[in-house]
Amino acid sequence: MIKICFVCTGNTCRSVMAERIMKDKIKKLQISDVKVLSRGIKANGEQISPLAKKTLKKMKVSSANRKSVKLGKTDDTTLYIAMTESLKQFINAKKVASFKSLVGFDILDPYGQSEEVYYKTALDIEKGINKLIEKINLWREL
Numbered sequence: 002m003i004k005i006c007f008v009c010t011g012n013t014c015r016s017v018m019a020e021r022i023m024k025d026k027i028k029k030l031q032i033s034d035v036k037v038l039s040r041g042i043k044a045n046g047e048q049i050s051p052l053a054k055k056t057l058k059k060m061k062v063s064s065a066n067r068k069s070v071k072l073g074k075t076d077d078t079t080l081y082i083a084m085t086e087s088l089k090q091f092i093n094a095k096k097v098a099s100f101k102s103l104v105g106f107d108i109l110d111p112y113g114q115s116e117e118v119y120y121k122t123a124l125d126i127e128k129g130i131n132k133l134i135e136k137i138n139l140w141r142e143l
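Under this note's numbering, the letters of the sequence shown match residues 2 to 143, in that order.
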């Protein structure tokens, strides 16, 4: 079982979009040995951002309400993926990577910006997740 946790600041935009997009992709690809979740460094129980929710709905991915979850105790079996290189320093875990180190680019925070920025962010996340799934499939072959 591969466990992945996407981490951003508030767990209301980027990380939750990454979680939902990846869950949708692995379900469609019938990948059953990957578990995906998301957390926020400064999450405090807020609902998913309305524009993140709208963007996910537009992408035909689950846009169900959920409260943000703060990153607490980490475990040694989960790969924690920080949405930016600079967020990595706040994650105290054995397996930590940045989105950029895995797929070549950071995912910048769309919070407070336009619907178009959220949609572009989600498309960037999707592109990165496609690369991540390719890597997971390669790891399986080793």
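Glycine included, every Cβ here is placed at the ideal spot set by N, Cα and C.
Helix, strand or coil at I5 according to DSSP, with G and I counted as helix: Mapped onto the sequence shown, residue 5 falls at position 4. DSSP places I5 within a strand segment (E or B) once states are collapsed to three.
Inter-residue spacing [alpha-carbon to alpha-carbon] between L124 and K74: Here residue 124 corresponds to residue number 123 of the sequence shown, with the count starting at 1. Here residue 74 corresponds to residue number 73 of the sequence shown, with the count starting at 1. CA-CA distance, L124 to K74, rounds to 30 Å.
For T10 and I22, the rounded distance between their alpha carbons: Within the sequence shown, the letter at position 21 stands for residue 22. Within the sequence shown, the letter at position 9 stands for residue 10. Computed Cα separation, rounded: 18 Å.
Beta carbon of R40 nearer than 8 Å to that of D110: One-based indexing of the sequence shown puts residue 40 at position 39. One-based indexing of the sequence shown puts residue 110 at position 109. No.
Residue range of the unbroken alpha helix (DSSP H) whose run includes L139: Locating residue 139 in the sequence shown gives position 138, counting from the first residue. First-last of the alpha helix (DSSP H) with L139: 116-142.
Exposure label - M84; buried when at least 16 CB within 10 Å: Indexing the sequence shown from 1 puts residue 84 at position 83. Its Cβ being crowded by 16 or more others within 10 Å, M84 is buried.
Same chain, Cβ closer than 8 Å to S63, neighbours up to 5 away in sequence not counted: Within the sequence shown, the letter at position 62 stands for residue 63. Cβ within range, chain order: R21, K24, D25, L57.
CA-to-CA distance, V8 to D76, given in whole angstroms: Working through the sequence shown from its first residue, we reach residue 76 at position 75. Working through the sequence shown from its first residue, we reach residue 8 at position 7. Taking the straight line joining both Cα atoms gives about 14 Å.
Touch test, the segment 115-123 against the segment 36-56, Cβ-Cβ under 8 Å, three pairs minimum: A contact is defined here as three or more CB-CB pairs under 8 Å, and the segment 115-123 meets this definition with respect to the segment 36-56.
I82 vs F100 beta-carbon contact at 8 Å: By one-based count along the sequence shown, residue 82 stands at place 81. By one-based count along the sequence shown, residue 100 stands at place 99. Taking C-beta atoms as the reference points, I82 and F100 count as a pair closer than 8 Å.
8 Å CB neighbourhood of L1 in its chain, flanking five on each side removed: Any answer about residue 1 is impossible in this case: the structure gives the chain only from 2 up to 143.
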